[in-house]
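Colleague: Heads up: the sequence shown begins at 17 in the numbering used here, then just goes up one per residue.
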Amino acid sequence: MVLKLIGFSKHVISLFIKIIILLIFSFILNRADSGCNNSVTTSLVPIPPYEILLSLQSQSLDGHLSLKDNEGAAKDFGNIHHFPPLAVLHPKTVSDISRTVKYIFEKGTDSEVKIAARGHGHSLQGQAQAHQGLVISMESLRSPEMKIQTGEFPFVDVSAGELWINILHETLQYGLAPKSWTDYLHLTVGGTLSNAGVSGQAFRHGPQINNIFQLEVVTGKGEVITCSENRNADLFHGVLGGLGQFGIITRARISLEPAPKMVKWIRVLYSDFSAFTRDQENLISLKDNTFDYVEGFVIINRTGILNGWRLSFDPKDPLQASQFHSDGKTFYCLEMAKYFNPDEAEVMNQGVDHLLSQLSYIPATLFLSEVSYVEFLDRVHVSEMKLRAQGLGDVHHPWLNLLIPRSEIHNFAEEVFGNILKDTSNGPVLIYPVNQTRWNSKTSFVTPEEDVFYLVAFLTSAIPFSTGENSLEYILNQNKRILDFCTNAQLHVKQYLAHYSTQEEWQTHFGSKWGAFEERKRAYDPLALLAPGHRIFQKAMSTSI
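1. Given this structure, state the Cα-to-Cα distance separating Ile-152 from Met-557, to the nearest angstrom.
2. Quick one: using the 10 Å Cβ neighbour count with 16 as the cut-off for buried, is Asp-500 buried or exposed?
3. Pull up the CB-CB distance for Ala-89 and Val-110, whole angstroms please, since I reckon it's below 8 Å.
4. Rounded to a whole number of angstroms, what is the C-alpha to C-alpha distance between Asn-54 and Asp-112?
5. How would you label Glu-67, buried or exposed, when you count the other beta carbons within 10 angstroms and need 16 or more for buried?
6. Does Glu-178 pass the burial test, meaning 16 or more other C-beta atoms within 10 Å, or should it be called exposed?
7. In terms of residues, what are the limits of the alpha helix (DSSP H) holding Glu-466?
8. By the three-class DSSP mapping on this structure, what secondary structure does Val-321 have?
9. Along the chain, which unbroken stretches of the beta strand (DSSP E) at least 3 residues long are found entirely within the segment 460-530?
10. Mapping the DSSP letters down to three states, classify Thr-293 as helix, strand or coil.
11. Measuring straight from C-alpha to C-alpha, what distance separates Glu-430 and His-525?
12. Would you tell me roughly how many angstroms separate the C-alpha atoms of Gly-191 and Met-401, rounded to the nearest one?
13. For Val-129, tell me which candidate among Thr-116, His-138 and Ser-139 has the shortest Cα-Cα distance.
14. By how many angstroms is the C-alpha of Arg-538 removed from the C-alpha of Val-398?
15. Between the segment 372-391 and the segment 290-304, can you find at least three pairs of beta-carbon atoms closer than 8 Å?
16. Nearest-angstrom Cα distance between Leu-299 and Asp-369?
17. How would you label Ala-405, buried or exposed, when you count the other beta carbons within 10 angstroms and need 16 or more for buried?
18. Is DSSP giving Ser-328 helix, strand or coil here?
19. For Asp-330 and Gln-554, I'd like the C-alpha separation in whole angstroms.
20. Per DSSP, what kind of secondary structure is Ser-159 in: helix, strand or coil?
21. Note down, one range per segment and in chain order, each beta strand (DSSP E) of at least 3 residues found wholly within the segment 72-118.
22. What residues are listed by DSSP as bridge partners for Arg-395?
23. Could you pull the start and end residues of the beta strand (DSSP E) that Val-445 belongs to?
24. For Ala-48 and Pro-548, I'd like the C-alpha separation in whole angstroms.
25. Return the chain-ordered ranges of every alpha helix (DSSP H) run that is complete within the segment 140-196 and spans a minimum of 4 residues.
26. Is DSSP giving Thr-242 helix, strand or coil here?
27. Candidates Gly-344, Ser-441, Tyr-389 and Val-509: which alpha carbon is nearest Gly-527's?
28. Quick one: any contact between the segment 330-341 and the segment 410-424, if contact means 3 or more CB pairs under 8 Å?
29. Along the chain, where does the alpha helix (DSSP H) containing Phe-252 start, and where does it finish?
30. Between Trp-197 and chain B, is any beta-carbon pair separated by less than 7 Å?
31. Distance, Cα to Cα, Arg-283 vs Gly-344?
32. Run through DSSP, which three-state label would Pro-358 get?
33. Within 10 Å of its beta-carbon, does His-541 have 16 or more other beta-carbons around it, so buried, or fewer, so exposed?
34. Within its chain, find whatever has a CB closer than 7 Å to the CB of Thr-306; leave out the 5 residues flanking it on each side and keep chain order.
35. Are the Cβ atoms of Thr-235 and Gly-263 separated by less than 7 Å?
36. Have a look at Asn-357 and Phe-121 and give me their C-alpha separation to the nearest angstrom.
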């Protein structure tokens with residue numbers, strides 16, 4: 017009797033297990049067959065990334081998907097990290113991007129495919145790379161065509177894959193141009209707007225992210241959303257300076273202004289850091305009748321500084337300039353520009369003379385030049401071409417960009433320019449102030465909390481295979497010493513074009529904005545598919561989607 021009961025119990029248990037298995041498979045099939053939008057599947061076994069990307073070929077695309085010879089997508093301007101993707105999408109239309117993202121999103125949490133949007137490849141630390149994932153080549157996206165609207169509030173509608181240099185040339189045909197720039201114009205619109213877009217005009221107009229009327233964005237769910245200050249504003253503010261975490265910018269409406277034809281370009285030197293910063297801050301505080309562009313840079317232990325300037329500038333006093341010696345010293349260069357049209361030259365020169373009379377620079381170092389507006393804005397690209405002609409185009413670029421409060425800039429300069437940096441032969445060190453009031457605090461971008469803060473950019477280059485002071489290892493160690501000093505001195509520094517390894521570091525970086533940043537990720541990219549190179553969100557968000 018006992019044996020019969022045991023046998024019956026085994027039969028019941030076996031039947032129960034079979035029922036459970038059938039229910040599980042039934043649930044999986046129902047989820048897979050459900051036709052609801054943005055549905056996410058869940059499987060017992062993760063789907064291999066290559067299998068997902070291979071199946072993408074069955075999708076109807078206007079562009080094409082490349083599954084081989086994609087080594088170029090593992091390179092960037094920094095030339096430090098190289099993470100090869102499994103595939104590269106070359107989209108022709110926005111729908112190519114939305115269909116692809118939606119297809120991967122609907123594979124669910126078990127898909128390990130990540131997606132990175134790549135512009136002109138000017139990232140520094142692999143931010144636009146997707147290891148064993150999918151890279152979307154945004155330069156392939158050239159639709160819709162560029163459209164320019166004149167009138168009281170002029171603007172240009174452009175694809176996010178368009179280069180700023182092309183926008184400049186096109187808008188100039190209408191006598192217009194964007195208000196705010198970066199120093200280098202051969203970058204895509206989507207790339208700079210995902211960061212900030214900063215240059216010497218920022219004290220007047222704010223960064224590029226402050227001069228946008230409207231965006232079109234593909235979210236991490238594959239949705240195509242048009243957004244602005246008054247429409248889907250949370251997404252609009254989120255993607256501006258959002259490091260690509262909430263969506264891929266596919267189109268932008270950029271504010272324009274009347275464009276000048278000429279630029280008065282001026283450089284002067286200071287030996288006293290306090291006088292240098294005081295004059296910079298005074299210039300950016302003037303509401304009217306000031307320069308249109310204000311930057312500066314540090315020069316440590318360089319010989320023949322003024323001789324190098326003579327290629328592009330003329331000395332105000334050639335005799336004084338010829339008697340100036342810079343060997344073994346530290347100087348601070350103030351660089352200014354005033355825009356004008358030829359018929360305004362006399363008034364412009366009077367205004368420039370008045371502004372210069374209020375500055376405390378070394379008189380012998382006043383150098384001036386007049387160039388076209390295009391020549392001035394594209395000046396860095398010209399220098400780049402010269403370096404490439406010398407075979408120096410593919411070096412490492414371990415750049416470090418910091419935003420430093422005005423109250424802490426002297427402490428920073430004393431240690432970094434006085435003790436850590438021995439010279440500036442490995443690349444320029446930019447330093448100039450901007451007004452926080454010109455920055456929209458609603459965007460994802462974070463700045464120091466003081467009214468005025470400085471951008472200090474160490475734009476160094478490292479020679480491959482070198483073991484000396486121009487080696488990658490040496491410069492990376494130098495960057496670490498600078499960051500360690502900032503930490504130990506408790507300076508309230510923020511990184512621009514930031515790169516961190518852990519989410520805890522990112523939380524510290526975003527500070528009080530972290531909560532909103534995390535909520536936006538949960539809302540617009542809940543599976544954390546987008547922009548994996550920043551290493552902010554490694555896994556899908558915990559809340560149900």
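Where is the CB? At the ideal position from N, CA and C, for every residue including glycine.
Fair warning: this is a prediction, and the values are worked out from it, not measured in the lab.
Modeller: Put simply:
1. About 23 Å.
2. By the neighbour-count definition (other C-beta atoms within 10 Å, threshold 16), Asp-500 is an exposed residue.
3. Between the beta-carbon of Ala-89 and that of Val-110 there is about 20 Å, and that puts the pair past the 8 Å contact cut.
4. Low confidence applies here, because Asn-54 scores a pLDDT of 49, under 50, leaving its location unreliable; read the following figure in that light. Inter-residue distance for Asn-54 and Asp-112 is about 17 Å (C-alpha atoms, whole angstroms).
5. The residue in question, Glu-67, is exposed, as its Cβ has fewer than 16 Cβ neighbours within 10 Å.
6. Buried, by the Cβ-count rule.
7. Run containing Glu-466: none; DSSP gives neither H nor E here.
8. Per the sequence shown, residue 321 should be read as Ile rather than Val. Ile-321 falls in the helix class under three-state DSSP.
9. 468-474 and 510-512, all fully within the segment 460-530.
10. Note: Thr-293 maps to helix in three-state DSSP.
11. Distance between the alpha carbons of Glu-430 and His-525 is about 24 Å.
12. Their Cα atoms are separated by approximately 28 Å.
13. Of the candidates Thr-116, His-138 and Ser-139, the one whose C-alpha sits nearest the C-alpha of Val-129 is Thr-116.
14. So the alpha carbons of these two residues sit roughly 43 Å apart.
15. The segment 290-304 vs the segment 372-391: in contact.
16. If I take the Cα positions, the gap works out to 14 Å.
17. Label assigned to Ala-405: exposed.
18. Coil.
19. So the alpha carbons of these two residues sit roughly 54 Å apart.
20. Assignment of Ser-159 by DSSP, reduced to helix, strand and coil, places it in the coil class.
21. If we require 3 residues or more, the beta strand (DSSP E) runs fully inside the segment 72-118 come out as 80-82 and 103-106.
22. Arg-395 has no beta-bridge partner at all, per DSSP.
23. Note, Val-445: beta strand (DSSP E), 445-451.
24. Bear in mind that the predicted position of Ala-48 carries a pLDDT of just 40, short of 50, making it unreliable; the figure below should be weighed with that in mind. When rounded, the separation of the alpha-carbon atoms in Ala-48 and Pro-548 is 27 Å.
25. Correct list: 180-188.
26. Residue state, collapsed to three classes: strand.
27. Between Gly-527 and the set Gly-344, Ser-441, Tyr-389 and Val-509, the nearest pair of CA atoms involves Val-509.
28. No, the segment 330-341 is not in contact with the segment 410-424.
29. It spans 249-255 - the alpha helix (DSSP H) in which Phe-252 sits, taken as one unbroken run.
30. The structure shown contains no chain B; it holds only a single protein chain.
31. One C-alpha to the other measures close to 20 Å.
32. In the three-state reduction of the DSSP assignment, Pro-358 falls in the helix class.
33. For the record, residue 541 in the displayed sequence is Asp; it is not His. Burial call: buried.
34. Closer than 7 Å at Cβ, skipping near neighbours: Leu-299 and Leu-371.
35. A contact, by the Cβ cut-off of 7 Å.
36. Distance between the alpha carbons of Asn-357 and Phe-121: 52 Å.
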